[in-house]
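Working notes, beginning with the structure itself.
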Amino acid sequence: MRQRFASEHPALTADTIKTVEAGTRQWFRLAARHPKARLAMPSVVVDDLWHELVLHTREYAEFCDAAFGRFLHHTPEASTSGGLKETFRLAKQDEEGAVLPLIFRVDHDLGVPGGRHYLADCGGRGLCYELKGTVCIEHLAGPGKRPGGGWDFKRNAPDGGMSQAGGDPGGGCGGGCGGGN
Numbered sequence: 001m002r003q004r005f006a007s008e009h010p011a012l013t014a015d016t017i018k019t020v021e022a023g024t025r026q027w028f029r030l031a032a033r034h035p036k037a038r039l040a041m042p043s044v045v046v047d048d049l050w051h052e053l054v055l056h057t058r059e060y061a062e063f064c065d066a067a068f069g070r071f072l073h074h075t076p077e078a079s080t081s082g083g084l085k086e087t088f089r090l091a092k093q094d095e096e097g098a099v100l101p102l103i104f105r106v107d108h109d110l111g112v113p114g115g116r117h118y119l120a121d122c123g124g125r126g127l128c129y130e131l132k133g134t135v136c137i138e139h140l141a142g143p144g145k146r147p148g149g150g151w152d153f154k155r156n157a158p159d160g161g162m163s164q165a166g167g168d169p170g171g172g173c174g175g176g177c178g179g180g181n
C-alpha cells in the first residue's frame, strides 16, 4: 500500500510520507474519539492516503473494527464550513498547543499540488483578510463573509478553482470527504 501511494505521489520522500501517515493517524484519532462529530477532511494528501487504505478492503475493515468498533465509511459529501471548524477545534485539542494542527498544515508543509492551505486566524478583527488560496479558519462563515456563504473555493483557489482536487476546502474528493457518521 505504501509503495502504491508513493508511486502516485513521486514528489514525496520516505520522511514526508511518514508525515502524511501522522496526519492520517490524527484524522483517525478524531474519528475514534468523536464518533458523533461531523468531521470534514481538511487535507488532500491525507484524503489520498485514506483512499488507498480503503482499497485494501479486508485489512481496512479489520482496522476499523478494532479502532472504531464499526466500519468508517469514506463517503464524499458536501462539507460545510461548520464541519471544517469543528474538525479544527477537535484537532487543536488532539494536538495541544498547536496553532495549526498537522492535518490542517500537511498539504502546505509538503507542497502538495492542489493541496489546501489554512490560517488559524488572518488577523482581521471584524473582517476577513482574504488571501488567495488560503482558508482563514477564524472567519469561516463568520464576520466579514457573505451572508449564508462561507468559503468560496473557486474564487480563492491558488489556481482560480481549477485544482485537481476541486470542491470546497472540506476535502479532496471534489465535494469534500467526511468521516462516515
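Residue numbers (UniProt numbering): 1 to 181. The beta-carbon is built from N, C-alpha and C at its ideal position, and this holds for glycine as well.
- Message: Per DSSP, what are the beta-bridge partners of valine 135 in this structure?
- Response: Here residue 135 corresponds to residue number 135 of the sequence shown, with the count starting at 1. Looking at the DSSP assignment, valine 135 forms a beta bridge with Tyr118.
- Whole angstroms is fine: what's the gap from valine 44's alpha carbon to lysine 85's? Position 44 of the sequence shown, counting from 1, holds the residue named residue 44. Position 85 of the sequence shown, counting from 1, holds the residue named residue 85. Between valine 44 and lysine 85, the C-alpha separation is close to 17 angstroms.
- Message: So, does the stretch 96 to 111 touch the stretch 38 to 52, judging by three or more C-beta pairs under 8 angstroms?
- Response: yes
- Task: For serine 81, count neighbouring Cβ atoms within 10 angstroms of its own Cβ and tell me buried if that reaches 16, exposed if not.
- Result: Numbered from its first residue, the sequence shown carries residue 81 at position 81. With 16 or more Cβ atoms within 10 Å of its Cβ, serine 81 is classed as buried.
- Task: Taking 8 angstroms as the threshold, find out whether the stretch 61 to 68 comes into contact with the stretch 26 to 35 through three or more Cβ pairs.
- Result: yes
- Item | For threonine 13 and tyrosine 129, the rounded distance between their alpha carbons | The residue you call residue 129 lines up with position 129 of the sequence shown. The residue you call residue 13 lines up with position 13 of the sequence shown. Near 34 angstroms, if we compare the C-alpha coordinates of threonine 13 and tyrosine 129.
- For histidine 56 versus methionine 1, is the C-beta spacing smaller than 7 angstroms? Position 56 of the sequence shown, counted from the start, is the residue given in the question as residue 56. Position 1 of the sequence shown, counted from the start, is the residue given in the question as residue 1. It is a contact, given that the beta carbons lie within the stated cut-off.
- Any idea what DSSP makes of tyrosine 60, helix, strand or coil? Working through the sequence shown from its first residue, we reach residue 60 at position 60. DSSP places tyrosine 60 in helix when its eight states are reduced to three.
- Query: What residue from His117, Cys136, Lys132 has the CA that sits closest to arginine 125's CA?
  - Reply: Numbered from its first residue, the sequence shown carries residue 125 at position 125. When only C-alpha atoms are compared, the closest one is Cys136.
- Query: Near valine 99, which residues of its chain fall below 6 angstroms by C-beta distance, leaving aside the five closest residues on each side in sequence?
  - Reply: Taking the first residue of the sequence shown as 1, we reach residue 99 at position 99. Counting only Cβ-Cβ distances below 6 angstroms, and skipping sequence neighbours, we find Ala120.
- Span separating the alpha-carbon of glutamate 96 from that of threonine 87: As a working note, residue 96 is residue 96 in the sequence shown. As a working note, residue 87 is residue 87 in the sequence shown. Going by the C-alpha atoms only, they are around 14 angstroms apart.
- Task: Identify which residue in Ala61, His9, Ala91 has its Cα closest to the Cα of alanine 37.
- Result: Translated into the one-based positions of the sequence shown, residue 37 becomes position 37. For alanine 37, the nearest C-alpha among the options comes from Ala91.
- Message: Is it buried or exposed, phenylalanine 71, if we count other Cβ atoms within 10 angstroms and call 16 or more buried?
- Response: On the sequence shown, residue 71 is found 71 positions in, with the first residue counted as 1. With fewer than 16 Cβ atoms within 10 Å of its Cβ, phenylalanine 71 is classed as exposed.
- Please determine, among His9, His139, Arg89, the residue with the shortest C-alpha to C-alpha distance to glycine 123. Stepping through the sequence shown from its first residue, residue 123 is reached at position 123. Here the closest residue by C-alpha is His139.
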